[in-house]
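Notes follow the structure.
Protein chains: 2
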Amino acid sequence: MLAVPSAPKAICRPSFGVTNALFTHFLPNFADKYTHMDRAKLTSQIFQKKSFLCVGLDTDMRKLPECVLGVEDPLFEFNKAIVDATADYCVAYKPNLAFYESMGSKGVKAFERTVAYIKERYPDQFVIADAKRGDIGNTSAMYARSFFEENDVDALTVAPYMGRDSVEPFLGYEGKWVVLLALTSNAGSADFQLTADADGERLFEKVLRRSMEWGTADNMMYVVGATRGAMFADVRKIAPDHFLLVPGVGVQGGSLHEVCKYGMNKDCGLLVNSSRGIIYAGGGDDFAEKAAEAAKALQMEMAGELHAAGLA
Amino acid sequence: MLAVPSAPKAICRPSFGVTNALFTHFLPNFADKYTHMDRAKLTSQIFQKKSFLCVGLDTDMRKLPECVLGVEDPLFEFNKAIVDATADYCVAYKPNLAFYESMGSKGVKAFERTVAYIKERYPDQFVIADAKRGDIGNTSAMYARSFFEENDVDALTVAPYMGRDSVEPFLGYEGKWVVLLALTSNAGSADFQLTADADGERLFEKVLRRSMEWGTADNMMYVVGATRGAMFADVRKIAPDHFLLVPGVGVQGGSLHEVCKYGMNKDCGLLVNSSRGIIYAGGGDDFAEKAAEAAKALQMEMAGELHAAGLA
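Chains L and W supply the protein sequences, listed in that same order.
By this note's numbering, the letter at position 290 of the first sequence is numbered 291, and the numbering carries on one by one without gaps.
By this note's numbering, the letter at position 160 of the second sequence is numbered 161, and the numbering carries on one by one without gaps.
What follows is the structure in structure tokens.
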């Protein structure tokens, strides 16, 4: 989301009618300019750290401890301290855009600075922009450009409701990932995601099956909520190899053990997210220390699960 | 999306555990502080102007005419000229956030300035932020705060995939609207939205029916793509009274006459959007003039449809 486009002017302003999808192919050296986090690298990080923890940076201005409120960019300073304290215990970070956008252009800058900080200091971390975007093709292409080119995140969450041409523009970036909503952790997920068609296939299953024609296990993951326990087995029947991003452990009540029991595969195949349970573990001057403790406790639980599964 | 929260500090920072939904009720004089555009006012504008045109401000930095590129905030200057040229012919504006976010914090500022300009100079216009948001409850509440409190738009497009608790936080604002995706205009809409359940109910029909339990025709509209022609009749069977926001006329190929034939109700009940067909009608110094001509042509066609339906 930097203000100044990085490509030369002639490329920035193609003639009318040139599509954005085509435009991305004109970008010079995309593969060299942007970071890559492929499946092998992610898996190697997981086994090395014995952790598949993703720390959710749902940083809410109204919940920050007093001690960071005085600085110029409190959202970023808080994130920086959380990242420094937890990086040893996790393999991924997931800032949710809602929390940054609600603070206006200053918030957007804090998001940009946070991503840049993680990329520079902890290049092995997988950075997921949790934005749940999805629009008609040319508009999704704009979002893709924003997140993958201007911000260089590794992955973006995408909503599937609008179908194939709303998702595909995000899949054209080598080394970048789409994390598609399949079965979410909230109560409302039952409203539509569990609806079965005439053949008994539920909507989340159709989303998995269809979208596997658009992307592969090397550029697509799925959101499956930790509150869904045994349904992980149904997900694995359709998508045995894909990584799953799993929110809902902690405050939302999902069980890590159940998730692992039904959802783990030979590469681990899980990124389990905790947001509030880690970043607000403490509310005072020791907030970073408390976050580290909470992250470490989850990491140790994860090491146990990996060991039990014969993976560590 | 202003950087400085407008509520007093004690209200900005409730103690941990106070939900955002609760928080919105603490806001002082929301009803006085923010603009309202209720159904009666919108309908009255439509009949007065003989227009149900919504101009889509999908303002793409790479498509701007040379003549606005030299100024400090080209996105805003372009929008300002387009709004001044078209306001007589339309009743609504719909900036799509993707185009602004792709320009980073500067783009977000241009969006904020555009909304503020319309609100100040053309207070009878209905402003829709096309953002297609939707997340778990506390996160949707953050988005609602961002769009309805910080920016004071009249309506926000929302994606239904995550169900009731992802939509309801947007419905707690008096005088503000949710525009829920039902049947979109793109090819991919067929992937999931047309899937029928065991009882023959298609997903978009279920979205309509279920969501009518969450909101009313006074605070909820639906997106139905103009490319869907006769399916408007199916939508009207379930939602006879709701306004429909209709993209897809123009570049995407939908027919205004078909939309009116199957979709119009006694209040008109339609907001038909055109983006590229208006704002890029001309590509040179006369871009605003050409936009006015394109908007006027659509308005005249709409006046004819209203007349044919006995509404004007």
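Just so it is clear, CB atoms sit at the ideal spot from N, CA and C, and this is done for glycine as well.
Only a predicted model underlies this, so the values are computations on that prediction, with no experimental measurement involved.
Classify L:Glu206: buried if its beta carbon has 16 or more other beta carbons within 10 angstroms, exposed otherwise. Locating residue 206 of chain L in the first sequence gives position 205, where the first residue counts as 1. Residue environment for L:Glu206: buried (at least 16 other C-beta atoms within 10 angstroms of its C-beta).
Between L:Met265, L:Gly57, L:Gly278 and L:Glu290, which has its C-alpha nearest L:His308's C-alpha? As a working note, residue 308 of chain L is residue 307 in the first sequence. For L:His308, the nearest C-alpha among the options comes from L:Met265.
Taking 8 Å as the cut-off, does the stretch 178–188 of chain W touch the stretch 151–160 of chain W (at least 3 CB pairs, one atom from each stretch)? With the cut-off at 8 Å, the stretch 151–160 of chain W and the stretch 178–188 of chain W touch.
Alpha-carbon spacing of W:Ser276 relative to L:Asp136, whole angstroms: Taking the second sequence and counting its residues from 1, one reaches residue 276 of chain W at position 275. Taking the first sequence and counting its residues from 1, one reaches residue 136 of chain L at position 135. Rounded to whole angstroms, W:Ser276 to L:Asp136 spans 14 Å at the Cα level.
Cutoff 8 Å; reference W:Leu98; Cβ partners in own chain excluding five residues on either side: On the second sequence, position 97 is the one that residue 98 of chain W refers to. If we look at W:Leu98 and ignore the five residues flanking it on each side, its Cβ neighbours are Phe112, Ala130, Asp131 and Ala132.
Can you tell me whether L:Leu23 is buried or exposed, with buried defined as 16 or more other CB within 10 angstroms of its CB? Within the first sequence, the letter at position 22 stands for residue 23 of chain L. Any answer about L:Leu23 is weak, because its pLDDT of 38 lies below 50 and its placement is not dependable; what the coordinates show is given next. Counting Cβ neighbours within 10 Å, L:Leu23 comes out exposed, since fewer than 16 surround it.
Hey, out of W:Pro96, W:Asn80, W:Pro124 and W:Glu67, whose CA is closest to W:Lys42's CA? In the second sequence, the residue the question calls residue 42 of chain W occupies position 41. Of the listed residues, the one whose Cα sits closest to W:Lys42 is W:Pro124.
Name the residues in the stretch 70–102 of chain W whose C-beta lies less than 8 Å from a C-beta of chain L; which are they? Shown in chain order are the members of the stretch 70–102 of chain W whose Cβ falls below 8 Å from a Cβ of chain L: Asn97, Ala99, Phe100 and Glu102.
So, using beta-carbon positions, are L:Val208 and L:Ala227 closer together than 9 Å? Your numbering for residue 208 of chain L matches position 207 in the first sequence. Your numbering for residue 227 of chain L matches position 226 in the first sequence. For L:Val208 and L:Ala227, no; Cβs fall outside 9 Å.
So L:Asp246 packs on L:Asn274, CB below 8 Å; how close in whole Å? Reading the first sequence from its first residue, position 245 is the one you call residue 246 of chain L. Reading the first sequence from its first residue, position 273 is the one you call residue 274 of chain L. The amino acid occupying residue 246 of chain L in the given sequence is Leu; Asp does not appear at that position. Contact check for L:Leu246 and L:Asn274: beta-carbon distance about 6 Å, within the 8 Å limit, so the pair qualifies.
Measure from the C-beta of L:Tyr144 to each C-beta in chain W and report whether the shortest distance is under 9 Å. Start at 1 with the first residue of the first sequence, and residue 144 of chain L comes out as number 143. Interface residue, yes.
Once the 5 residues before and after W:Gly216 are set aside, which same chain residues still bring their CB inside 7 Å of it? The residue you call residue 216 of chain W lines up with position 215 of the second sequence. The residues are Leu172 and Val179.
Can you give me the C-alpha to C-alpha distance between L:Glu73 and L:Lys110, rounded to a whole angstrom? Here residue 73 of chain L corresponds to residue number 72 of the first sequence, with the count starting at 1. Here residue 110 of chain L corresponds to residue number 109 of the first sequence, with the count starting at 1. Spanning the alpha carbons of L:Glu73 and L:Lys110 requires a straight line of approximately 12 Å.
Compile a chain-ordered list of the residues in the stretch 270–293 of chain W whose CB is closer than 8 Å to at least one CB of chain L. The stretch 270–293 of chain W vs chain L, Cβ under 8 Å: Tyr281 and Gly284.
If you follow the alpha helix (DSSP H) that W:Leu299 is part of, which residue opens it and which one closes it? Working through the second sequence from its first residue, we reach residue 299 of chain W at position 298. For W:Leu299, the uninterrupted alpha helix (DSSP H) segment begins and ends at Phe288 to Ala309.
Would you verify that the beta carbon of L:Ala191 is, or is not, closer than 9 Å to some beta carbon of chain W? Within the first sequence, numbered from 1, the residue matching residue 191 of chain L stands at position 190. Answer yes: the Cβ-Cβ gap between L:Ala191 and chain W drops below 9 Å somewhere.
Mind pulling the chain L residues with CB within less than 7 Å of W:Arg114? To locate residue 114 of chain W, count along the second sequence from 1; it is residue 113. The premise fails here: W:Arg114 is roughly 11 Å from chain L at the closest Cβ pair, so nothing lies under 7 Å.
Would you call L:Leu70 buried or exposed, if buried means 16 or more other Cβ atoms sit within 10 Å of its Cβ? Counted from its first residue, the first sequence places residue 70 of chain L at position 69. Around the beta carbon of L:Leu70, fewer than 16 other beta carbons sit within 10 angstroms, so the residue counts as exposed.
Is the number of C-beta pairs between the stretch 253–268 of chain W and the stretch 279–298 of chain W that are closer than 8 Å three or more? No: the two stretches stay apart, fewer than three of their Cβ pairs being nearer than 8 Å.
Cβ distance (whole Å) where W:Ala296 is taken to contact W:Val56 below 8 Å: The sequence position of residue 296 of chain W within the second sequence is 295, counting from 1. The sequence position of residue 56 of chain W within the second sequence is 55, counting from 1. Yes, W:Ala296 and W:Val56 are in contact; Cβ-Cβ is about 6 Å, under 8 Å.
Using a Cβ-Cβ distance under 9 Å, would L:Pro6 count as near chain W? Within the first sequence, numbered from 1, the residue matching residue 6 of chain L stands at position 5. Confidence at L:Pro6 is low in this model, with a pLDDT of 36, below 50, so the placement of that residue should be treated as unreliable; the coordinate-derived value is given next. Judged by the 9 Å Cβ criterion, L:Pro6 is in contact with chain W.
Inter-residue spacing [alpha-carbon to alpha-carbon] between L:Phe288 and L:Ser52: As a first step, residue 288 of chain L is located in the first sequence; it is residue number 287 there, counting from the start. As a first step, residue 52 of chain L is located in the first sequence; it is residue number 51 there, counting from the start. Rounded to whole angstroms, L:Phe288 and L:Ser52 show a C-alpha spacing of 22 Å.
Would W:Arg237 pass as an interface residue toward chain A - the criterion being a Cβ-Cβ separation below 9 Å? In summary, chain A is missing from the structure at hand, where the protein chains are L and W.
On the CB-based measure, 16 or more other CB atoms within 10 Å of its CB, does L:Arg122 come out buried or exposed? Counting from one through the first sequence, the residue named residue 122 of chain L turns up at place 121. Exposed, by the Cβ-count rule.
Beta-carbon of W:Gly135 versus every beta-carbon of chain L: anything under 9 Å? Walking along the second sequence from the start, residue 135 of chain W turns up at place 134. Among the residues facing chain L, W:Gly135 is included, as its CB has a counterpart in that chain under 9 Å away.
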